[in-house]
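The structure appears below as structure tokens.
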Amino acid sequence: MIEIKQSRIFPGWWVVAGAFLCMMTGFAVAYSFAAFFGALESEFGARRGETSLVFSISAFLYFQLGFPAGLIADRIGPRPVVIGGLLLVAIGLAAAAQASSLWQVYLGYGLGVGVGVGLAYVPSIAAVQRWFVRRRGTASGIAIAGIGVGTLVGAPLAHALIADFGWRQTYLVLAALTVVGALVAGALVRSAPERYGLTPDGDPPHPSGVSAMPAGLGLGEAVRSGPFWAIYAGALLMSFGLFVPFVHLAPYARDVGLGEGFGVLLIVLLGVGSTVGRFLFASVTAWIGRRLSFALMYVGAGAMLVMWSQSTSAAALAVFALVFGAFYGGFVAIAPSLAADYFGGRALGSIIGALYSGVAFGALLGAPVAGYAFDLFGSYTGVMLAGAVLCLVSFAITLMTPEPARWLAGRKPRP
């Protein structure tokens with residue numbers, strides 16, 4: 001056991017800061033893709049379905065690799081995995097900057113960013129869950145707000161740099177910034193508080209010497225449970241439509257005559273909404289519980305996809321981006337804490353990673369299907385409405401799942 005000197009600031013909040021910076025760095029790169037969309041189309045003469053695959057390969061990998069990343073972090077701690085992951089993002093960006101064909105961007109950006117974010121994301125957010133119990137929702141919301149802030153700054157920064165220096169030099173600048181983020185975030189993220197002689201939330205040690213954090217379920221036990229598959233299926237179905245705006249909202253704005261600059265502004269508004277939603281809906285969970293709050297994220301996202309299908313004005317698209325971003329942010333913020341409520345902290349990194357593997361398949365298929373649909377039919381409407389229907393199915397699945405406390409009370413103890 002390593003002891004760290006107590007200060008007026010509970011060390012868990014430094015872990016939150018590290019996770020925030022990790023996610024801000026990784027997702028600023030990932031969600032800046034909309035700013036590169038037009039440049040890659042023009043450079044390589046690609047169609048929208050082909051260009052969309054750059055983002056989808058990376059999104060598939062960073063959600064799919066959360067599972068092995070969580071397993072590794074459960075064994076060796078989150079710090080080396082977070083640092084190594086973000087350094088891989090930087091390497092991938094540097095490689096993509098040298099591409100002479102689109103398939104090389106698939107390899108550089110798709111593999112580098114996908115594998116790198118996949119290694120860093122789950123271990124950083126799982127680390128936060130272990131440092132908090134009573135304040136888990138607040139801590140998780142602050143940490144995951146890094147994704148929203150990354151979305152907020154990544155696309156406009158990339159757009160400005162592309163205008164001045166071109167897309168290749170912009171990838172190199174983002175690579176350098178990612179290296180800095182890797183080193184600082186890695187220095188702040190730590191293993192579970194028990195390793196340092198502390199307890200979650202900074203509470204006094206339990207009189208019996210037992211940690212305040214319940215041991216929870218192992219990965220195998222979680223995977224054999226109903227709530228695991230309910231969360232998995234709901235997230236999988238929702239994710240088909242969830243990432244389409246991050247790729248196609250900017251070109252859609254250009255299609256309806258609002259210009260590429262306004263399209264990038266819409267990505268910024270997605271980031272604003274996402275950041276606000278993480279805190280707004282975290283407060284809702286205190287009133288109605290995390291499970292029902294999670295279910296409402298599905299309804300809200302589905303309703304917004306319907307709205308997008310009918311929107312062509314600047315005002316309507318701005319409202320869509322803000323509100324859809326808020327429901328997306330709430331979904332991402334509540335999911336890890338809901339998993340911790342059901343399964344405890346014993347194998348939380350690998351459990352969250354396994355749950356996110358379902359999101360990977362929706363992320364892989366959603367944006368390219370939307371792109372190819374546009375290439376064939378000249379419209380995104382069918383894909384938007386299909387995404388809304390899948391969100392409603394996810395809502396129904398979540399409503400049929402028992403509350404964590406009731407489910408845990410009804411579980412038979414292991415022999």
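Each residue of the sequence shown is one higher than the one before, starting from 1 at the first, in this note's numbering. Beta carbons are placed, not taken as given, at the ideal position from N, Cα and C, and that holds for glycine.
Terminal residues of the alpha helix (DSSP H) in which Tyr298 lies
Arg290 to Ser309
Ala97 by DSSP, collapsed to three states: which one?
coil
Near Leu399, which residues of its chain fall below 6 angstroms by C-beta distance, leaving aside the five closest residues on each side in sequence?
Ala295
Bounding residues of the alpha helix (DSSP H) (the contiguous stretch that carries Arg48):
Arg48 to Gln64
Between Leu183 and Val173, which are expected to be in contact by the criterion C-beta below 8 angstroms, what is the C-beta distance as a whole number of angstroms?
No, Leu183 and Val173 are not in contact; Cβ-Cβ is about 17 angstroms, not under 8 angstroms.
Boundaries (first-last residue) of the alpha helix (DSSP H) holding Tyr252
Val244 to Asp255
CA-CA distance, Gly108 and Ala95?
5 angstroms
Straight-line gap, Leu217 to Ala339 (C-alpha atoms, nearest Å)
11 angstroms
Span of the alpha helix (DSSP H) around Leu348
Leu348 to Phe377
The alpha helix (DSSP H) with Thr398 in it runs from where to where?
Thr381 to Leu399
Which stretch, first to last residue, makes up the alpha helix (DSSP H) that contains Pro404?
Pro404 to Gly410
Using only alpha-carbon positions, find the residue among Leu392, Trp167 and Ile231 that is nearest to Tyr342.
Ile231
Do you know how far the Cα of Gly353 is from the Cα of Leu119?
10 angstroms
Where Gly137 falls: helix, strand or coil (DSSP):
helix
Could you tell me the boundaries of the alpha helix (DSSP H) in which Arg8 lies?
Looking at the DSSP string, Arg8 is not in any alpha helix (DSSP H), and its letter there is neither H nor E.
Give every residue of the same chain whose Cβ lies closer than 7 angstroms to the Cβ of Gly234, excluding the five residues on either side of it in the sequence, and list them in chain order.
Tyr298, Ser394, Ile397 and Thr398
Reduced DSSP secondary structure (H/G/I, E/B, other) of Ser470
Residue 470 lies beyond the residue range present for the chain, which begins at 1 and ends at 415; the question has no answer from this structure.
Residue from Gly77, Pro245, Val117 and Gly271 whose Cα sits closest to the Cα of Gly92:
Val117
When the Cα atoms are used, what is the spatial distance from Ala143 to Ala316?
30 angstroms
Taking buried to mean at least 16 other C-beta atoms within 10 Å of its own C-beta, is Gly166 buried or exposed?
exposed
Own chain, CB closer than 7 angstroms to Val268, minus 5 neighbours either side, in chain order
Leu152, Ala155 and Pro156
Hey, how far is the Cα of Ile288 from the Cα of Cys391?
20 angstroms
What three-state label does DSSP hand Arg79 in the structure shown?
helix
Span separating the alpha-carbon of Tyr372 from that of Gly325:
24 angstroms
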